[in-house]
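For reference, the structure discussed in these notes is given below.
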Amino acid sequence: MLIARFEEEEVKQAVWECGSDKCPGPDGLNFKFIKQFWQLLKPDVLRFLDEFYVNGVFPKGCNASFITLIPKVADPQFLNDYRPISLIGCMYKIVSKVLANRMKRVMPVIIHETQSAFIEGRHLLHSVLIANEVIEDAKRNNKSCLLFKVDYEKAYDLVSWDFVLYMLETTSFCSKWVKWIEGYLKSASISVLVNDSPTAEFLPKRGLRQGDPLAPFLFNVAAEGLNGLIRRAKEENLYKGFQVGANNVNISILQYADDTIFFGEAVRENLMAIKTILRTFELASRLKINFAKNSFGAFGQSQQWKQQAANYLHCGLLTFPLVYLGIPLGENPRRGQMWDSIIHKCERMLAKWKQRHISMGGE
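What follows is the structure in structure tokens.
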């Protein structure tokens, strides 16, 4: 299925799934134009995909993109206050969307169930509910449990292409698919928009472009390497996960794209294993761990032990309720104040006239 010939209906579906009014890339076109004149453009589009199928590379210029900076805060003052978004040409995005539609069908098979982002049938709330069950079980029964929340530095921008290709081979993708992805990655060129004018092009050596349909799936494949390290450490009795509930379900790690949280017994051996695993993963994938922004917490241990563990991991101490994926954990969900921050966030995102029609009873 992954390397079958590109069919007309499959390509048309990919085109119609792309937003019509997205900002255009270097080609100056958006998908509203392509959809409007599809019958006229269809032969050229299909011929382009046939050439990619055979050669696995993009002609020069077809994989060019603009980077524009989107403010993350109301009044940005520093470069870190912006999020880089890639504006990609339509022909490239059609190929990327077709490959993404194929790849997402095999993702539930190759990606472990502890990763819940961008995978059909898995949802953000799954990770939140599991994390909340772990915290509640540890608090109620005073069990020995550690929590280590990991923060990556600019995860999409730093991931190694060689590591992505290695993980594709490790997860049994065939050589033709790996060749396609290699051509997709290594033919890229980028210009930065400064005051709406592009700078000179440069060639990236790593990273995945935010705004690219295939990028989330490739990042998940790379992040699966961390999951594999945890599983191997458990097999070698180097890491002990946390046993939840009467059935003793073992939980060691939860991932939502680059949002990662470790669970395990609150023992020094686990701290040493976590530090070794993260350093190994960083060297292999080039995903740099920002230890200064990481957070550590534990149940069933003294405050002195927690502080010593945080110092060993070069991070701060967790405070509860812990905010994970935007939802507070570790508080009584029946208390109204726990949900105040989420309600206020929703109110800020809604127009005032829409707020009037929301029933507080959830009807």
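In this note's numbering, each residue's number is its place in the sequence shown (first place is 1) plus 10.
Every residue, glycine too, gets a C-beta built ideally from N, C-alpha and C.
In this text the structure is predicted, and so the values were computed from the model without any measurement.
Start and end residues, alpha helix (DSSP H) containing Asn257: As a first step, residue 257 must be located in the sequence shown, where it is residue number 247. Run containing Asn257: none; DSSP gives neither H nor E here.
Are the beta-carbon atoms belonging to Ser201 and Asn73 less than 9 Å from one another? By 1-based counting over the sequence shown, the position of residue 201 is 191. By 1-based counting over the sequence shown, the position of residue 73 is 63. Cβ atoms of Ser201 and Asn73: not closer than 9 Å.
Excluding the 5 residues flanking Arg15 on each side, which residues of the same chain have their C-beta closer than 7 Å to its C-beta? Translated into the one-based positions of the sequence shown, residue 15 becomes position 5. Once the five neighbours on either side are set aside, the close Cβ partners of Arg15 are Tyr63.
So the beta strand (DSSP E) Leu78 belongs to, where does it begin and stop? Counting from one through the sequence shown, the residue named residue 78 turns up at place 68. One point to set straight first is that residue 78 is Thr, not Leu, in the sequence displayed. Start and end: Ala74 to Pro81.
Could you check what DSSP says for Ile95 in three-state terms: helix, strand or coil? Walking along the sequence shown from the start, residue 95 turns up at place 85. Looking at Ile95 - three-state DSSP - the assignment turns out to be strand.
With 16 other Cβ atoms within 10 Å as the buried cut-off, status of Gln265: What you label residue 265 is simply residue 255 of the sequence shown in a count that begins at 1. With 16 or more Cβ atoms within 10 Å of its Cβ, Gln265 is classed as buried.
Extent of the continuous alpha helix (DSSP H) run through Gln49: For the purposes of this step, residue 49 is identified with residue 39 of the sequence shown, where counting begins at 1. For Gln49, the uninterrupted alpha helix (DSSP H) segment begins and ends at Trp48 to Asn65.
Whole runs of the alpha helix (DSSP H) within the segment 149 to 188, excluding any shorter than 4 residues: 165 to 168 and 171 to 180
Please confirm whether Ser75 and Tyr102 have their CB atoms less than 9 Å apart. Taking the first residue of the sequence shown as 1, we reach residue 75 at position 65. Taking the first residue of the sequence shown as 1, we reach residue 102 at position 92. In contact: Ser75 and Tyr102 (Cβ atoms closer than 9 Å).
Is Pro118 helix, strand or coil by DSSP? By 1-based counting over the sequence shown, the position of residue 118 is 108. In this structure, Pro118 counts as helix in the three-state DSSP scheme.
Would you say Tyr166 and Gly217 are within 9 Å of each other, going by their C-beta atoms? For this step, residue 166 is matched to residue 156 along the sequence shown. For this step, residue 217 is matched to residue 207 along the sequence shown. Yes; because the gap between Cβ atoms is below 9 Å, this pair is in contact.
Please work out which residues of its chain come closer than 7 Å, Cβ to Cβ, to Cys28, disregarding the five sequence neighbours upstream and downstream, and give them in chain order. Residue 28 sits at position 18 when you count from the first residue of the sequence shown. Here the set comprises Phe41, Lys103 and Lys107.
For Thr270, which beta-bridge partners are listed by DSSP? For the purposes of this step, residue 270 is taken as residue 260 along the sequence shown, with counting starting at 1. DSSP lists Val160 and Gln265 as the bridge partner or partners of Thr270.
Where does Ile299 fall in DSSP's three states? For the purposes of this step, residue 299 is taken as the residue at position 289 of the sequence shown. In the three-state reduction of the DSSP assignment, Ile299 falls in the strand class, which pools E and B.
Which residue from Pro223, Leu213 and Glu279 puts its Cα closest to that of Lys244? On the sequence shown, position 234 is the one that residue 244 refers to. Per the Cα distances, Glu279.
Buried or exposed by the 16-neighbour rule on C-beta atoms within 10 Å, applied to Ala256: In the sequence shown, residue 256 corresponds to position 246, counting from 1. Result: exposed.
Short Cβ contact (9 Å threshold) for Phe309 with Lys149: Along the sequence shown, one-based indexing puts residue 309 at 299. Along the sequence shown, one-based indexing puts residue 149 at 139. Yes, Cβ-Cβ distance for Phe309 and Lys149 is below 9 Å.
Alpha carbon to alpha carbon, how far is Trp171 from Pro208? Give it in angstroms, no decimals. Here residue 208 refers to the residue found at position 198 of the sequence shown. Here residue 171 refers to the residue found at position 161 of the sequence shown. Looking at the two C-alpha atoms, the distance is approximately 25 Å.
Please confirm whether Leu236 and Leu288 have their CB atoms less than 9 Å apart. Position 226 of the sequence shown holds residue 236. Position 278 of the sequence shown holds residue 288. The answer is yes: Cβ separation under 9 Å.
Beta-carbon proximity check, Glu275 vs Phe252, cutoff 9 Å: By one-based count along the sequence shown, residue 275 stands at place 265. By one-based count along the sequence shown, residue 252 stands at place 242. Taking a C-beta distance under 9 Å as the contact criterion, Glu275 and Phe252 qualify as a contact pair.
Compare the Cα-Cα distances from Tyr194 to each of Thr286, Lys215 and Pro338 and report the closest residue. Position 184 of the sequence shown, counting from 1, holds the residue named residue 194. It is Lys215 whose Cα lies nearest to the Cα of Tyr194.
Under DSSP, the beta strand (DSSP E) around Gly307 begins and ends at which residues? Within the sequence shown, residue 307 is the residue found at index 297, counting from 1. Per DSSP, Gly307 is one residue of the beta strand (DSSP E) stretching across Ser305 to Phe309.
Quick check: Gly340 and Leu327, are their CB atoms within less than 9 Å of each other? The residue you call residue 340 lines up with position 330 of the sequence shown. The residue you call residue 327 lines up with position 317 of the sequence shown. No; because the gap between Cβ atoms is not below 9 Å, this pair is not in contact.
Between Ser312 and Leu323, what straight-line distance do the alpha-carbon atoms span, to the nearest angstrom? Position 302 of the sequence shown, counted from the first residue, corresponds to residue 312. Position 313 of the sequence shown, counted from the first residue, corresponds to residue 323. So the two alpha carbons sit approximately 17 Å from each other.
Could you give the distance in angstroms between the alpha-carbon of Leu178 and the alpha-carbon of Leu213? Taking the first residue of the sequence shown as 1, we reach residue 178 at position 168. Taking the first residue of the sequence shown as 1, we reach residue 213 at position 203. Cα to Cα, the separation comes out at about 23 Å.
Per DSSP, which residues does Ile337 bridge with? Please list them. The residue you call residue 337 lines up with position 327 of the sequence shown. Note: Ile337 sits in a beta bridge opposite Tyr334.
Exposed or buried, which one is Asn258 when buried takes at least 16 other CB atoms within 10 Å? Your numbering for residue 258 matches position 248 in the sequence shown. Burial call: exposed.
Between which two residues does the alpha helix (DSSP H) containing Ile129 stretch? Against the sequence shown, residue 129 aligns to sequence position 119. For Ile129, there is no enclosing alpha helix (DSSP H), as DSSP marks it with neither H nor E.
In angstroms with no decimal places, state the Cα-to-Cα distance between Asn304 and Glu211. Here residue 304 refers to the residue found at position 294 when the sequence shown is read from its first residue. Here residue 211 refers to the residue found at position 201 when the sequence shown is read from its first residue. Cα-Cα distance, rounded: 35 Å.
Compute the Euclidean distance between the alpha carbons of Asp147 and His136, then round it to the nearest angstrom. On the sequence shown, residue 147 is found 137 positions in, with the first residue counted as 1. On the sequence shown, residue 136 is found 126 positions in, with the first residue counted as 1. Cα-Cα distance, rounded: 17 Å.
With Ile352 as the anchor, note down where its beta strand (DSSP E) starts and where it stops. For this step, residue 352 is matched to residue 342 along the sequence shown. Here Ile352 belongs to no beta strand (DSSP E); instead the alpha helix (DSSP H) covers Asp350 to Met359.
Enclosing alpha helix (DSSP H) for Leu228 [first to last residue]: Translated into the one-based positions of the sequence shown, residue 228 becomes position 218. Its alpha helix (DSSP H) spans residues Ala225 to Glu245.
Simplified DSSP state of Gln313, which is helix, strand or coil: As a first step, residue 313 is located in the sequence shown; it is residue number 303 there, counting from the start. If DSSP states are grouped into helix, strand and coil, Gln313 belongs with the helices.
Is DSSP giving Ser137 helix, strand or coil here? One-based indexing of the sequence shown puts residue 137 at position 127. Ser137 falls in the helix class under three-state DSSP.
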